[in-house]
Amino acid sequence: MRKMNLNLGWLVVIIPLGLLIFVVFPEIQDKYEDYASRKATHEAKVVVLDSLLNLAQPSTRDLNEIRKLETQVRVHGIVLTKERFLGLKLGGMFVVFIFMFGGMFLSGIWLNRKKNAAQNRQITFHYEDPSSDAIGQAISWVAISSGGSNFLSERLKKTSRGFTIVSSSKMKFMAWGFFLVGLNWFVWGLVEWMQTKGDIGFMDIGKLFFTSGGPFMLVGLFLVLATGAKAYFYIRKRIMVVDAKKRSFQEAYALQVLQKFVAGNSSGGYYCYELNLVTDTGERINLLNHGDKDYLLSDMVMISRFLKVPVWNRGVV
């Protein structure tokens, strides 16, 4: 009997896709139809009110109807305006989420295919024993950072002048997603204010910023800035810039790779890996810190070769 070859990764897509098609979209359609019905009723009342207000000699009954309709039109107009802008905010946020999570998912598929490509064959790499070296005996094997991601969050990338360590596309989608969610909420809030209240002052903008999407924009901006290049390696000049400090390739003495366990907030946790540069003075500088061991070891080999330094490994296999 022939065995079926299933890509179980696609099962992850079925659940959110099914929820969108069979739950979210029908609910959105029902909400929109209800809103459209109430809006049509409101507009009909506005027409009736206008006709009553244009009467030359309205009766007592007409005056009572005018007072009732004026209250209804004003209240319903406010409610419908709030619902319209809430719908625009939620719709914009939904589009941003599709961009963010869709981009993260597709970039994850692309990175996995690249990692498992036929040309990326397994290579044999020999580690050196740190116990036979004076600096190797003296350095700490405690992780530099207590945290770290459980996915590929940064990687080595070739440039025209050498190499650089940059954030992965998944991290960039996450950072821009936070920023755009906040921007969407703040902009629609600003438009709503201008249409309902008119003029807006500096203090009003500040209040609106920090009570709507502003905090998300600031977090997103921080993440965008943090996803910039972490290190530069200029091959011809034999110079590296790590943590904004310029160093010569001659200062590089070895690479240290280690495994650490990152505990979760509630329960469980995951393993993460660090690649640290060891200088000729015994200083340790973090280069890579993420949860994709295969990518980290591949980047480790590349860095070891162009820096021409050995690698000390403790427990990463």
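Residues are numbered in this note's numbering as their position in the sequence shown, beginning at 1, plus a constant of 101.
Cβ atoms here follow ideal geometry from the backbone N, Cα and C, with glycine treated the same way.
Euclidean distance between Cα positions of Ile301 and Lys215: Here residue 301 corresponds to residue number 200 of the sequence shown, with the count starting at 1. Here residue 215 corresponds to residue number 114 of the sequence shown, with the count starting at 1. Pairing Ile301 with Lys215, the inter-Cα distance amounts to about 51 Å.
How about Leu356 and Ile386: do their beta carbons lie closer than 8 Å? Working through the sequence shown from its first residue, we reach residue 356 at position 255. Working through the sequence shown from its first residue, we reach residue 386 at position 285. Not closer than 8 Å, so no.
Can you tell me the Cα-Cα spacing of Ala364 and Gly370, whole angstroms? Along the sequence shown, read from residue 1 onward, the residue named residue 364 stands at position 263. Along the sequence shown, read from residue 1 onward, the residue named residue 370 stands at position 269. In this structure, the CA atom of Ala364 is about 4 Å from the CA atom of Gly370.
Take every Cβ of the region 286-301, pair it with every Cβ of the region 184-191, and state whether three or more of those distances are shorter than 8 Å. Result yes; three or more Cβ-Cβ pairs closer than 8 Å.
Would you mind reading off the limits of the alpha helix (DSSP H) that contains Ile236? Within the sequence shown, residue 236 is the residue found at index 135, counting from 1. Residues Ala235 to Ala239.
By DSSP, does Lys140 sit in helix, in strand, or in coil? Numbered from its first residue, the sequence shown carries residue 140 at position 39. It is helical.
Taking 8 Å as the threshold (C-beta atoms), are Tyr354 and Gly263 in contact? Residue mapping note: residue 263 aligns to position 162 of the sequence shown, counting from 1. Residue mapping note: residue 354 aligns to position 253 of the sequence shown, counting from 1. Cβ atoms of Gly263 and Tyr354: not closer than 8 Å.
Within the chosen definition, does the region 329-349 reach the region 257-276 through at least 3 CB pairs nearer than 8 Å? Contact between the region 329-349 and the region 257-276 is established, with three or more Cβ pairs separated by less than 8 Å.
Whether Asn251 touches Met194 by CB criterion (8 Å): Taking the sequence shown and counting its residues from 1, the one referred to as residue 251 is at position 150. Taking the sequence shown and counting its residues from 1, the one referred to as residue 194 is at position 93. Contact flag unset, no.
Straight-line CA distance for Arg103 to Tyr133? By one-based count along the sequence shown, residue 103 stands at place 2. By one-based count along the sequence shown, residue 133 stands at place 32. A caution first: Arg103 carries a pLDDT of 44, below 50, which makes its placement in the model unreliable, though a value can still be read off. As the crow flies, the alpha-carbon of Arg103 is around 49 Å from that of Tyr133.
CB contact flag (Pro159, Leu153, <8 Å): Along the sequence shown, read from residue 1 onward, the residue named residue 159 stands at position 58. Along the sequence shown, read from residue 1 onward, the residue named residue 153 stands at position 52. In this structure, Leu153 lies closer than 8 Å to Pro159 by Cβ.
Between Gly315 and Phe126, what straight-line distance do the alpha-carbon atoms span, to the nearest angstrom? Numbered from 1 along the sequence shown, position 214 holds the residue referred to as residue 315. Numbered from 1 along the sequence shown, position 25 holds the residue referred to as residue 126. Across the structure, Gly315 and Phe126 are spaced so that their CA atoms are roughly 28 Å apart.
Between Met205 and Lys169, what straight-line distance do the alpha-carbon atoms span, to the nearest angstrom? As a first step, residue 205 must be located in the sequence shown, where it is residue number 104. As a first step, residue 169 must be located in the sequence shown, where it is residue number 68. Approximately 53 Å, taken between the alpha carbons.
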